[in-house]
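Read top to bottom, the protein sequences are chains A and B.
Counting in my numbering, the first sequence runs from 1 upward without gaps.
Counting in my numbering, the second sequence runs from 1001 upward without gaps.
Ideal Cβ placement from N, Cα and C applies to all residues, glycine included.
Number of protein chains: 2
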Amino acid sequence: MNEAVVLTPERILEVTEDVLRRFGLAKATVVDVARALDVSHGSVYRYFPSKASLRDAVAKRWLDRVSAPLEEIASEEGPAPARLERWLRALFAAKYTKVCNDPEMFATYLTLAREARDVVRAHKERLADQIEHILSDGLEQGGFEVTDVKTSARAIFDATIRYHHPAHAEEWSDPALPARIDALLALLLKGLEAPKQR
Amino acid sequence: MNEAVVLTPERILEVTEDVLRRFGLAKATVVDVARALDVSHGSVYRYFPSKASLRDAVAKRWLDRVSAPLEEIASEEGPAPARLERWLRALFAAKYTKVCNDPEMFATYLTLAREARDVVRAHKERLADQIEHILSDGLEQGGFEVTDVKTSARAIFDATIRYHHPAHAEEWSDPALPARIDALLALLLKGLEAPKQR
DNA sequence: TGACTGACAGATATTGAAATCTGTCAGCGA
DNA sequence: TCGCTGACAGATTTCAATATCTGTCAGTCA
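Structure (structure tokens):
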């Protein structure tokens, strides 16, 4: 199944994701991963110093797949308010889609992420930076009025946490979800908005 | 220790809290509670149909001790914006104080609350109603501009969830917490604010 | 009569011995 | 030389026997 290709971190990560999908987080062992790769488990330790570091790397891959497409939106041209709204909705949709399509895998990654605290911190910072970038554009364009871009970016991230943090995923099945998101986004965008007249 | 007083639901709840504090959630049994009350465990089942219902009642008591003082603030007189800010800060402070003073007991109640889903739902609704009341006052007074009071109340509740939902308690030790709260509240209050001039 | 007891059945938790896993490393083979 | 193997020690998990707990109810006692 796995041809005699060179062993690389990348290949180990791919196979690890596969093993996690088939065995589940609790059952998946380094020995399982090694078996799927047709090597001894000692070889895996040549590339990842511990099981924890392997798990961290898997978590990072997963989170990067979330933030990469958002980076696209953040660095687009055009009016910042609409772009911020699009960016936030994309973030919510990405998380929402993941839970709906494969709740089991979502739970796996959630537990993984809980343990990979540094990886998650970096991910959050990356997202906050993207918001910050949009806010900066909005300031220049005159559409936004904010005193401190960095602080406001964190505030936006925090204020929307209910719709992107996995701890609240259970409540995303609420049928009133779209309405609640609309209300929240309207409130936040109005809070950022520069006064129209004077 | 426990005199031959009549057995009441109230007394059972008090003693149950005590037992939870001493034994911890995992170890506390109905038999322990009965022993502390100097009755057989069968007697406890006369007042609470199951261990789950006893736990629910304990969770409710705990949550009521949070919402009662907030009710005070919500029904005060005076300008709504300042009152909303005070109400939210009181909510954050109540939760924050609980974690800091007795993290173990906080963890116990957190687990308890996770299982008492109906009780928690009612608690959240009660809080949202209080916000709604303040927003209504603000509408009348002309300080707030909102299209739907109920929806906006939910949005405020959701937007501040990071600072009152126990799932995020671990992150409340961030030294930048006060600054982040200030930024979030400023953003939200600006979002609710009625335009000053025309 | 009605609040309480205590023995009971079935469900759940604990425990300790056995199995498996993680992480290391000396040595093998290309 | 360099990547890999496989055996090993100590840590962790599993599993089945045992103990404890939950929820019930016929019966006691004030």
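Requested in this report: Find the nearest neighbour of valine 66 of chain A within the set A:Asp56, A:Gly143 and A:Lys98, judged by alpha-carbon distance.
Outcome: A:Lys98
Requested in this report: Identify, in the order they occur along the chain, each residue of the same chain with its Cβ nearer than 7 Å to the Cβ of tryptophan 172 of chain A, setting aside the five sequence neighbours on each side.
Outcome: Tyr96 and Val99
Requested in this report: Could you confirm whether any beta carbon from chain B is found closer than 7 Å to the beta carbon of aspartate 174 of chain A?
Outcome: no
Query raised in the report: Listed from N- to C-terminal order along the chain, which residues in the segment 112 to 137 of chain A have their beta-carbon within a distance smaller than 8 Å of any beta-carbon of chain B?
Result: none
Query raised in the report: Is it true that the CB of isoleucine 1134 of chain B sits closer than 7 Å to the CB of tyrosine 1163 of chain B?
Result: no
Requested in this report: Identify every run of the beta strand (DSSP E) within the segment 1026 to 1055 of chain B, keeping only runs that are complete inside it and at least 3 residues long; order them along the chain.
Outcome: none
Query raised in the report: Beta-carbon of arginine 83 of chain A versus every beta-carbon of chain B: anything under 7 Å?
Result: no
Requested in this report: Just tell me which of A:Arg46, A:Gly138, A:Ala59 and A:Ala74 has its CA closest to the CA of threonine 8 of chain A.
Outcome: A:Arg46
Query raised in the report: In terms of residues, what are the limits of the alpha helix (DSSP H) holding serine 1152 of chain B?
Result: 1149 to 1159
Query raised in the report: Roughly how many whole angstroms lie between the Cα atoms of proline 195 of chain A and leucine 177 of chain A?
Result: 29 Å
Query raised in the report: Looking only at C-alpha atoms, which of B:Gly1142, B:Gly1138, B:Val1120 and B:His1165 sits nearest to alanine 1153 of chain B?
Result: B:Gly1138
**Report entry** Cβ-Cβ separation, isoleucine 131 of chain A to isoleucine 156 of chain A (assumed contact under 8 Å), whole Å
**Finding:** 5 Å
Requested in this report: Answer with buried or exposed for tryptophan 1087 of chain B, where buried requires no fewer than 16 other C-beta atoms within 10 angstroms of its C-beta.
Outcome: buried
Query raised in the report: Counting only beta-carbon atoms, is alanine 167 of chain A nearer than 7 Å to chain B?
Result: yes
Requested in this report: Could you check what DSSP says for glutamate 1145 of chain B in three-state terms: helix, strand or coil?
Outcome: coil
Query raised in the report: Tell me which same chain residues have a C-beta within less than 8 Å of the C-beta of alanine 74 of chain A, skipping the five on either side of it?
Result: Arg83, Trp87, Gln130, Ile131, His133 and Ile134
Query - Nearest-angstrom Cα separation, counted from glutamate 1145 of chain B out to lysine 1051 of chain B - result: 47 Å
Query raised in the report: Is the distance from the Cβ of leucine 13 of chain A to the Cβ of alanine 57 of chain A below 7 Å?
Result: yes
**Report entry** Within 9 Å of chain A by C-beta, residues of the segment 1062 to 1092 of chain B in sequence order
**Finding:** none
Query raised in the report: Can you check whether the CB of alanine 94 of chain A is closer than 7 Å to the CB of alanine 59 of chain A?
Result: no
Query raised in the report: Cβ-heavy atom distance between glutamate 10 of chain A and the ligand GTP below 6 Å?
Result: This structure does not include the ligand GTP; it has no bound ligands of any sort.
Query raised in the report: For chain B, is any of its Cβ atoms less than 7 Å away from the one on alanine 107 of chain A?
Result: no
Report task. Count the other CB atoms, across all protein chains shown, that sit within 10 Å of the CB of proline 1049 of chain B; report buried if there are 16 or more and exposed otherwise. Result -> exposed
Report task. Please name the residue in B:Arg1055, B:Val1015, B:Arg1021 and B:Lys1027 whose C-alpha comes closest to that of aspartate 1038 of chain B. Result -> B:Val1015
Query raised in the report: Taking the alpha helix (DSSP H) that leucine 84 of chain A falls in, what are its first and last residues?
Result: 80 to 101
Query raised in the report: Under 7 Å between C-beta atoms, does leucine 139 of chain A make it to chain B?
Result: no
**Report entry** 7 Å Cβ cutoff, methionine 1001 of chain B in contact with chain A
**Finding:** Confidence in methionine 1001 of chain B is poor, its pLDDT being 41 and thus under 50, which makes the residue's placement too unreliable to answer from.
Query raised in the report: Which residue from B:Ser1053, B:Glu1193 and B:His1123 puts its Cα closest to that of leucine 1091 of chain B?
Result: B:His1123
Query - Buried/exposed call for alanine 36 of chain A, threshold 16 Cβ in 10 Å - result: buried
Query raised in the report: What do you get for proline 69 of chain A, buried or exposed, if any count of 16 or more other CB atoms within 10 angstroms of its CB means buried?
Result: exposed
**Report entry** Cβ shell of serine 40 of chain A (< 7 Å), same chain only, five flanking positions each side left out
**Finding:** Ala34
Report task. Determine the DSSP secondary structure at glutamate 193 of chain A, reduced to helix, strand or coil. Result -> strand
**Report entry** Chain-ordered chain B contacts of glycine 191 of chain A [CB-CB under 9 Å]
**Finding:** Ala1186, Leu1187, Leu1188, Leu1189, Lys1190, Gly1191, Leu1192 and Glu1193
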